[in-house]
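Heads up: the sequence shown begins at 29 in this note's numbering, then just goes up one per residue.
We put the CB at the ideal spot given by N, CA and C, even for glycine.
None of these values were measured; they are calculated from a predicted model.
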Amino acid sequence: MTTSAIHDGVHAVLFALFDAQEALDHGAMKAQVDYCVETGCQGITVLGLATEVLKLTFPERYALVETTARANDGRLPLSVTIAGNSVAEQVALAKCAESARADWLILQPPMVGSYGADVYLDFFARVAASTTLPLAVQNAPQYLGRGLSGEDLVRLKQRAPNLTAVKAEDAALGLARIVDVAGENLVVVGGRGGLEMTDALRIGCRGFVLAPDIAPVAARIFDLWQAGHRDEAEAAYAAALPAATFVMQSLEHLITYGKRIFGENAGIAIHDRAPCLPVQPLGLSIATQWAGTLSRLHQERP
Numbered sequence: 029m030t031t032s033a034i035h036d037g038v039h040a041v042l043f044a045l046f047d048a049q050e051a052l053d054h055g056a057m058k059a060q061v062d063y064c065v066e067t068g069c070q071g072i073t074v075l076g077l078a079t080e081v082l083k084l085t086f087p088e089r090y091a092l093v094e095t096t097a098r099a100n101d102g103r104l105p106l107s108v109t110i111a112g113n114s115v116a117e118q119v120a121l122a123k124c125a126e127s128a129r130a131d132w133l134i135l136q137p138p139m140v141g142s143y144g145a146d147v148y149l150d151f152f153a154r155v156a157a158s159t160t161l162p163l164a165v166q167n168a169p170q171y172l173g174r175g176l177s178g179e180d181l182v183r184l185k186q187r188a189p190n191l192t193a194v195k196a197e198d199a200a201l202g203l204a205r206i207v208d209v210a211g212e213n214l215v216v217v218g219g220r221g222g223l224e225m226t227d228a229l230r231i232g233c234r235g236f237v238l239a240p241d242i243a244p245v246a247a248r249i250f251d252l253w254q255a256g257h258r259d260e261a262e263a264a265y266a267a268a269l270p271a272a273t274f275v276m277q278s279l280e281h282l283i284t285y286g287k288r289i290f291g292e293n294a295g296i297a298i299h300d301r302a303p304c305l306p307v308q309p310l311g312l313s314i315a316t317q318w319a320g321t322l323s324r325l326h327q328e329r330p
């Protein structure tokens, strides 16, 4: 597989799964990886926003990377999201990912302070210089409060040759701007829970990083699209869109209800780690309904 091809397809960004005492449940995490592999996802990502990374201690993050790598066992490309508020923190986590034989990294901007683009370019360039792994930058201003322009990303690519992709959490027209400016230099990978997925494919996105509530169906849509079955892909997307819209009301909504849609379909008990959005009976009923829809759509996979 070429360096750029590791980004292709739908990468399932794992939920953090806890036991009833709010400790990480590594057995459930292994089962989640198996579910993602068995349901046709094309990659595995860990320590993303869906993994509730800011609720995890650094030892927990390291342990989760190792558990995920062992469970995956090379079956799918493995990426690790690198979050940290200093260069040293991100470099340490990148080294952990390297030791676990991750295939690529996704760098998040530091959450401390708010700076101009040049400060973030310097930060990312220093982290990039510490590893030989291919890198992406997560560009998610609506979730992280920070972002880079397409022009900024091209400048970063000049300083960090191992930058090969951008994970752009943006609406279709914002994605189009990044593809236009940086597309010859960087693979563009989408997110946002699969919202506007077929528009993103039309624009030129080559991959998506999505939570496992929607990822198996999104992988089917991606496969249909790549095989030239555009009408079938559009129909499957239209059927899945209400579920994605329900889940993606907010990141907190994704963590509470997206995780339960996943749990229903994977047969895994779901427990929360505080703070979290309280589960409402109506919300749980709606999540159960959409779990059934997504399960049916996945079972239609050829």
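query	result
Buried or exposed by the 16-neighbour rule on C-beta atoms within 10 Å, applied to Ser107	buried
Any 3 or more C-beta pairs closer than 8 Å across the segment 283-303 and the segment 49-61	yes
Minimum C-alpha distance to Glu224 - residue among Leu203, Val207, Ala130	Leu203
Member of Leu229, Cys304, Gly76 whose CA lies at the smallest distance from the CA of Gln254	Leu229
C-alpha distance - Ser158 paired with Lys123, whole-angstrom precision	8 Å
Ala153 vs Leu176 beta-carbon contact at 8 Å	no
Option nearest Gln317 by Cα separation, candidates Thr284, Pro270, Pro306, Val307	Pro270
Reference Leu84, options Phe46, Val115, Asp241, closest by Cα	Phe46
Separation of Gln327 from Val41, as counted between CA atoms	21 Å
First and last residue of the uninterrupted alpha helix (DSSP H) at Leu312	309-327
Own chain partners of Val81 with C-beta closer than 6 Å, once the 5 adjacent residues on each side are dropped	Leu75, Ala111
Three-state class that DSSP yields for His35 in the structure shown	helix
Contacting residues, own chain, Cβ-Cβ under 8 Å from Leu238 (five flanking each side not counted)	Val38, His39, Ala40, Val41, Gly219, Gly221, Gly222, Ala246
The alpha helix (DSSP H) enclosing Lys19, as first and last residue numbers	Not covered by the structure: residue 19. The range shown for the chain is 29 to 330.
Whether Val165 touches Leu135 by CB criterion (8 Å)	yes
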